[in-house]
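First comes the structure, then the notes that go with it.
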Amino acid sequence: MCHEKVSTIGWKAVLMVEEPLLCFQCSRELVKINGAICQGCGRPGEFEPLCKDCLRWSMDPCWKENEMINRSIYQYNEGIKTIFNQFKFRGDFELGKVFSKEIREFFIKEFTSVSMISFIPLSEERLYERGFNQAEILAKHIPRKIEPTLLKKNETKQSKKTRQERLTGDNPFQLRLNVNITAQHILLIDDIYTTGTTIRHAAKLLLENGASKVSSLTLIRS
Ligand SMILES: [Zn+2]
Ligand SMILES: [Zn+2]
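Residue numbering for the sequence shown follows the numbering used here, beginning at -11 and increasing consecutively.
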């Protein structure tokens, strides 16, 4: 991240347990979510048991019937923002490895009951521009088969949308052909959970097409 030489002197290096990818300073910038969280979206803090946003979501008929759980690994702060922007927007693909072990361990701890793993797709335009899909890269650190289930429609500018489209905020995703998601508990991987709108659009589509449950794992909870 900062190009500082990483010390490989120490008992871990001697035992060859693991090679540190970040220096002490950089790794200290990453703060994991520990302790009390909202039981819906994984937001850190004391809630009873849902935060305001999740309570609002639960009014929607779809989420009255289907419980949706998100869990995130890191709190949003300047440190993760810097590392993550370098990875996502400046195309520093190798930096994705920094999160590998954490994602793997977090998955094993939180999501053993899922039956299918997928990720939030990018539109073709965006994928071409960026060269890779950061959510897919993160998903690949999970030691299971990853199924692409969704496509993202190319983005139309707000101004080009009809009034109706703007108001209803139509679903930006569509289901891929030839995927069978019937009765699957699908885990969706994405980089960041902010308002939850993206993940819930994707989850809704999967539920409407036969999935029994959808959960999500995101790297960051903003
Ligand atoms: Zn560093
Ligand atoms: Zn919540």
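Glycine residues also receive a C-beta, built at the ideal position from the N, C-alpha and C atoms. Since the model is a prediction, treat every value here as computed from it, not as a measurement.
What's the call for residue i, buried or exposed, on a 16-neighbour Cβ count within 10 Å?
| i | result |
| --- | --- |
| Tyr62 | buried |
| Ser101 | exposed |
Please name the residue or residues paired with residue i in a DSSP beta bridge.
| i | result |
| --- | --- |
| Val202 | Ile174 |
| Met104 | Ile174 |
| Arg59 | Leu205 |
| Pro160 | According to DSSP, Pro160 bridges with nothing at all. |
| Ile134 | Ile105 |
| Pro32 | Ile25 |
| Lys20 | Tyr62 |
Is residue i helix, strand or coil when you go by DSSP?
| i | result |
| --- | --- |
| Asp48 | coil |
| Gln27 | coil |
| Tyr116 | helix |
| Leu110 | coil |
| Lys192 | helix |
| Asp41 | helix |
| Ile180 | strand |
| Lys221 | Residue coverage of the chain in this structure runs from -11 to 210, which leaves residue 221 outside it and unanswerable. |
| Lys128 | coil |
| Lys89 | helix |
| Lys76 | helix |
Return the CA-CA distance between residue i and residue j, expressed in angstroms with no decimal places.
| i | j | result |
| --- | --- | --- |
| Ser200 | Thr170 | 7 Å |
| Arg114 | Thr185 | 19 Å |
| Asn133 | Ile105 | Residue 133 is actually Lys in this sequence, not Asn. If I take the Cα positions, the gap works out to 7 Å. |
| Leu175 | Phe107 | 8 Å |
| Val167 | Ser15 | 39 Å |
| Met(-11) | Gln74 | 8 Å |
Report the CB separation of residue i from residue j in whole angstroms; it is logged as a contact under 8 Å.
| i | j | result |
| --- | --- | --- |
| Thr206 | Asp179 | 7 Å |
| Arg31 | Arg209 | 6 Å |
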